[in-house]
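When we follow my numbering, the leftmost residue of the sequence shown carries the number 5, and every step to the right adds one.
In what follows, a single structure is set out as structure tokens and then discussed.
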Amino acid sequence: MDESNTTLWLARHGQSEWNHSGRVTGRLDPALSAKGHEQATALAECLRDDGLDAIYVSGLRRTEQTAAPAAQATGAPVRRIVALDEIGMGELEGRWRDERDPAAQALWAQWKAQPWLFTVPGGEPFADFAGRVQAALRAILRQHEGRRVLIVGHGATNRVLLGTLLEWPCERWSEIRPRNKLVYQLRLGGVVPDISTIRLGGRHSGRREPGFVTQ
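Structure follows, in structure tokens:
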């Protein structure tokens, strides 16, 4: 994508109550955990002086709660796009993804291995999911060319956003593991986006590292 002089920040929502307890969330709507609220505050501190023009969130409250401190710190309006919602996980939603529910654990492992090929029963096919997220991204870039925008998404949502912006084939998207504790800054307009990683929380909060970091 070539959107000259546009700067995007991509953040995953802070830790949710279900992330913390080990449940599959999908398009269900738990709130942030205490740690998630701390990560939201750290995100706001990192972006306070960056002059954001807009903040986009999904239709799920964990993204809205994550974005709220940044909106207050920067004065940027928050805009809600349901197309940025997490992928629908069908019969896995609300279930434990570990040994407490062996059947769910097996389905979860199968989906994690090749999410673009395997659809959870009752869930959303990855191609349909990626299509809606990419359409939302195109709309945001058209509306904010040359601007500075924060998108607060979800694990799978941000995998699609980053994979698309970096122009990686979907077979490589498994290498993209968006974390609650990392936010990515992308400067668009070059042959390849200039990407850097910013850490949130802890003694290294606010530290910027060149390139795409996943740990």
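From the three backbone atoms N, C-alpha and C, an ideal C-beta is built for every residue, glycine too.
These numbers come from a predicted model, not from an experiment.
Whole-angstrom Cβ separation of residue i and residue j, contact assumed at under 8 angstroms?
i, j, result
"Ile155", "Gly167", "At roughly 14 angstroms, the Cβ-Cβ gap does not stay under 8 angstroms, so Ile155 and Gly167 are not in contact."
"Val217", "Leu186", "7 angstroms"
"Trp13", "Leu64", "Rounded, the Cβ-Cβ distance is 19 angstroms, inconsistent with contact."
"Ala108", "Val28", "7 angstroms"
Judging by CA-CA distance, which residue of the options is the nearest neighbour of residue i?
i, options, result
"Thr78", "Asp57, Arg31, Trp172", "Asp57"
"Asp54", "Leu121, Arg151, Pro106", "Arg151"
"Pro182", "Leu121, Leu192, Gly159", "Gly159"
"Gly157", "His208, Ala15, Ala35, Thr11", "Ala15"
"Gly210", "Leu47, Arg146, Ala72", "Leu47"
"Phe130", "Glu149, Arg163, Arg104, Leu145", "Arg163"
"Glu21", "Pro34, Gln118, Tyr60", "Pro34"
"Thr45", "Gly215, Pro214, Leu204", "Leu204"
"Pro214", "Tyr188, Gln109, Ser178, Arg83", "Tyr188"
"Trp177", "Gln109, Gln118, Gln147, Val195", "Gln118"
"Glu128", "Thr161, Val195, Arg146, Ala143", "Thr161"
Which same chain residues end up closer than 6 angstroms to residue i when comparing Cβ atoms and leaving out the 5 residues on each side of it in sequence?
i, result
"Arg212", "Ser200, Ile202"
"His41", "none"
"Arg136", "Ala87"
"Asp105", "Arg99"
"Asn9", "Gly150, Gly193"
Name the one or two DSSP bridge partners that residue i has.
i, result
"Arg16", "Gly157"
"Arg183", "Answer by DSSP bridge pairing: none, since Arg183 is not bridged."
"Ile59", "Val82, Leu154"
"Asp214", "It should be noted that the sequence gives Pro, not Asp, for residue 214. Per DSSP, Ser200."
"Gln189", "Trp13, Ser200"
"Trp112", "Answer by DSSP bridge pairing: none, since Trp112 is not bridged."
"Arg27", "Trp100"
Find out if the Cβ-Cβ distance for the pair residue i, residue j is shorter than 7 angstroms.
i, j, result
"Leu32", "Gly126", "no"
"Pro76", "Asn184", "Note that residue 76 is Gln in the sequence shown here, rather than Pro. No. Outside cutoff."
"Leu165", "Leu141", "yes"
"Asp102", "Gly30", "no"
"Lys39", "Gln69", "no"
"Leu36", "Arg66", "yes"
"Ile91", "Phe133", "yes"
"Trp120", "Cys174", "yes"
"Ala71", "Val61", "yes"
Give me, in chain order, the residues of the same chain whose beta-carbon lies closer than 8 angstroms to that of residue i; leave out the 5 immediate sequence neighbours on both sides.
i, result
"Asp6", "Model confidence at Asp6 stands at a pLDDT of 47, short of 50, so the residue's coordinates are unreliable; what they give is reported in the following sentence. Taken in chain order, the residues that qualify are Leu192, Gly193."
"Pro81", "Ala58, Ile59, Ala75"
Just to confirm, does residue i get its C-beta within under 6 angstroms of one of the non-hydrogen atoms of the ligand MG?
i, result
"Trp112", "Absence of the ligand MG is noted for the structure shown, with no ligands found whatsoever."
For residue i, which residues in the same chain have their Cβ closer than 7 angstroms to its Cβ, ignoring the five residues on either side in sequence?
i, result
"Ala139", "Ala87"
"Val124", "Met93, Gly94, Glu95, Leu96, Leu111, Trp115"
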